[in-house]
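Report on one structure; see the data block that follows.
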Amino acid sequence: MYISKRFENYELSGCLNPIAAAYQNYISHGKEIFDLTLSNPTKANLSYPESEILQSLSNSRSLLYEPTPKGFYTAREAISLYYSSLGFSVSVDDIFLTSGTSEGYSYIIKLICNPGDEILIPAPSYPLLDFIASLELVNVVPYYLEEKENIWTFSTKNIMNSVSKKTKLLFFVQPNNPTGNILSYKEINDLLSFAEEYNLAIVIDEVFRDYLFLNKSPQLLFSEKIPIFTLNGISKTLALPQLKLSWIVCSCPKSIKKEFYEGLEIIADTYLSVNTPVQVALADLFRVKDLIQTQIQSRITQNLDFAITQFSNCSHIKSYLPQGGWYLVVKICDITIPEDELIIDLLNQTGVYVHPGSMFRFPGNNFYLILSLLPEENLFREGIQRIIEYFC
Ligand SMILES: Cc1ncc(COP(=O)(O)O)c(C=O)c1O
Numbered sequence: 047m048y049i050s051k052r053f054e055n056y057e058l059s060g061c062l063n064p065i066a067a068a069y070q071n072y073i074s075h076g077k078e079i080f081d082l083t084l085s086n087p088t089k090a091n092l093s094y095p096e097s098e099i100l101q102s103l104s105n106s107r108s109l110l111y112e113p114t115p116k117g118f119y120t121a122r123e124a125i126s127l128y129y130s131s132l133g134f135s136v137s138v139d140d141i142f143l144t145s146g147t148s149e150g151y152s153y154i155i156k157l158i159c160n161p162g163d164e165i166l167i168p169a170p171s172y173p174l175l176d177f178i179a180s181l182e183l184v185n186v187v188p189y190y191l192e193e194k195e196n197i198w199t200f201s202t203k204n205i206m207n208s209v210s211k212k213t214k215l216l217f218f219v220q221p222n223n224p225t226g227n228i229l230s231y232k233e234i235n236d237l238l239s240f241a242e243e244y245n246l247a248i249v250i251d252e253v254f255r256d257y258l259f260l261n262k263s264p265q266l267l268f269s270e271k272i273p274i275f276t277l278n279g280i281s282k283t284l285a286l287p288q289l290k291l292s293w294i295v296c297s298c299p300k301s302i303k304k305e306f307y308e309g310l311e312i313i314a315d316t317y318l319s320v321n322t323p324v325q326v327a328l329a330d331l332f333r334v335k336d337l338i339q340t341q342i343q344s345r346i347t348q349n350l351d352f353a354i355t356q357f358s359n360c361s362h363i364k365s366y367l368p369q370g371g372w373y374l375v376v377k378i379c380d381i382t383i384p385e386d387e388l389i390i391d392l393l394n395q396t397g398v399y400v401h402p403g404s405m406f407r408f409p410g411n412n413f414y415l416i417l418s419l420l421p422e423e424n425l426f427r428e429g430i431q432r433i434i435e436y437f438c
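When the letters of the sequence shown are read in order and numbered with the numbering used here, they come out as residues 47 to 438.
Written as structure tokens, this is what we have:
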């Protein structure tokens, strides 16, 4: 008996990759670590309104099991109100709940793709897209974003080289993880025209939509010609990833809407994965949004300002300006040793742990580090100083 093709690109020997092994080895010695990969908000020393959160989860309605494939109306209504507060009109009927954004991606792939079909994914971007696609037996084809004046942009020229007869879906993440770029009006037009020309459905992941650095926020995309699925959830919006609640906002042309919604309901009904307590609690949970988001926004803004100012004094490090999200990308110039070796040496010499650019599919031979802006300010600052001492 052979294991499924889903795992053909996986390392199933149980061995850690060299960076993960070096990290385990480092922490096993109890040494001080400056972990600039931290992106789990529940471990970032934020102050959560604990009693409000726990109270909203203890509603007696949670004792009743009422399977609802699309998700409870009250929860979807709370999501619709969230969009109203951002200036967008989203009908409760166009929202489907999922248990996590990854599940949202999987639902859409199941709805639209056959095994062997292709999905266009931005590069650099969120590494989990590869895993989700392989578990759904579809192939990812990267299209490269372009670097323009410190910002990464969508390029029709690059995406043309990646599309084929097997392409069914076009993914985009905004603000992108990790480059932080948000689509401009021109990029939106280019993206929509491209998808219309090749008859592709678009999937936009907006989990970081509320964390912004400039006076620019992501547009919610609609089209009458092609399906657009927008993904979001409370893992970032409320910084509550452990509650596992996300959603898909669907915008479908009238001619296919009924069929697509029924298809999605069949998938959702098959798994019924979203738990009752979180659906019951969602409207109340949204009340803690501002309190949590204000703390995170202040933390990531301070960390970003500090890092950009410090790196500007070091000619070996170029930092990019994210428009949103929780990450900062920096390019290290004049480096010749292999990426893995450098990340491991940085850890062993300085105690600073960062992600390498290759994990996110950065283009070319350049050397990038990805820094999370979420760690506590003092730890973050010490980490940045140590990076500068190491490279400059
Ligand atoms: C771009 C992006 N999408 C989705 C997720 C995960 O969302 P969820 O926890 O809702 O599955 C992450 C997590 O970091 C992310 O970076």
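In this text, a Cβ means the ideal position worked out from N, Cα and C, and glycines have one as well.
Just tell me which of the options has its CA closest to the CA of residue i.
i      : options                           : result
VAL376 : GLY309, LYS156, VAL253 and THR225 : THR225
LYS290 : LYS282, LYS364 and GLU243         : LYS282
GLU423 : PHE259, ILE346 and GLU96          : ILE346
ASN227 : ASN55, ASN63 and GLY371           : GLY371
MET405 : TYR172, LEU237 and SER269         : TYR172
LYS156 : GLU308, PHE437, THR382 and ASN55  : GLU308
CYS438 : GLY403, VAL324, LYS364 and LYS335 : LYS364
GLU274 : ILE248, SER292 and LYS262         : Looking at the sequence provided, one finds Ile at residue 274 rather than Glu. The shortest C-alpha separation from ILE274 is found at ILE248.
ILE197 : GLU233, LEU215 and ILE178         : GLU233
THR322 : ASP163, ALA121, LEU132 and LEU419 : ALA121
ILE390 : GLU195, PRO188 and TYR69          : TYR69
PHE259 : ASN278, SER50, LEU374 and VAL219  : LEU374
GLU54  : SER180, ILE383, CYS379 and TYR189 : SER180
ALA90  : LEU215, VAL326, ILE338 and LEU392 : ILE338
ILE280 : ASP251, ASN349 and VAL186         : ASP251
PRO161 : THR276, ALA169, LEU58 and ASN185  : ASN185
LEU425 : TYR56, LEU84 and ILE73            : LEU84
GLN343 : ALA285, LYS212 and PHE268         : ALA285
PHE306 : SER93, LYS212, ASP140 and TYR119  : ASP140
TRP293 : LEU277, ILE433, TYR231 and TYR414 : LEU277
ASP315 : ASN235, MET47 and GLY117          : GLY117
ALA169 : GLN220, TYR151 and SER210         : GLN220
TYR72  : LEU393, ASN412, ARG407 and GLY429 : LEU393
ASN261 : ASN235, PRO287, SER230 and ASN245 : SER230
VAL326 : GLU428, SER130, LEU103 and LYS211 : LEU103
ILE65  : GLU387, PRO409, TYR414 and TYR129 : GLU387
Between residue i and ligand 1, is the CB less than 6 Å from at least one heavy atom?
i      : result
TYR172 : yes
Is it buried or exposed, residue i, if we count other Cβ atoms within 10 angstroms and call 16 or more buried?
i      : result
GLY60  : exposed
THR340 : exposed
PRO368 : buried
ILE312 : exposed
LYS298 : Checking the sequence shown, residue 298 turns out to be Cys, not Lys. Result: buried.
PRO421 : buried
GLU435 : exposed
SER358 : exposed
SER126 : buried
ILE205 : buried
ASN105 : exposed
CYS296 : buried
ASP256 : buried
TYR111 : exposed
PRO87  : buried
ILE383 : exposed
GLU242 : exposed
ALA67  : exposed
LYS214 : buried
LEU419 : buried
TYR56  : exposed
ILE154 : buried
Item checked: Under 5 Å, CB to nearest heavy atom of ligand 1: contacting residues -> GLY146, THR147, SER148, TYR172, VAL219, ASN223, ASP251, VAL253, GLY279, SER281, PRO287 and SER292
Check: Pairing CB atoms from the segment 70-87 with CB atoms from the segment 386-401, are three or more of them under 8 Å?
Finding: yes
Check: Would you say the segment 348-362 touches the segment 146-163, given that touching needs at least three Cβ pairs under 8 Å?
Finding: no
Margin query: Is it the case that the segment 326-336 contacts the segment 89-106, given that we only count it when at least three CB pairs across the two stretches are under 8 Å?
Written below: yes
Next item on the list: Count the CB pairs spanning the segment 160-171 and the segment 315-329 that are closer than 8 Å, and state whether there are at least three.
Entry: no
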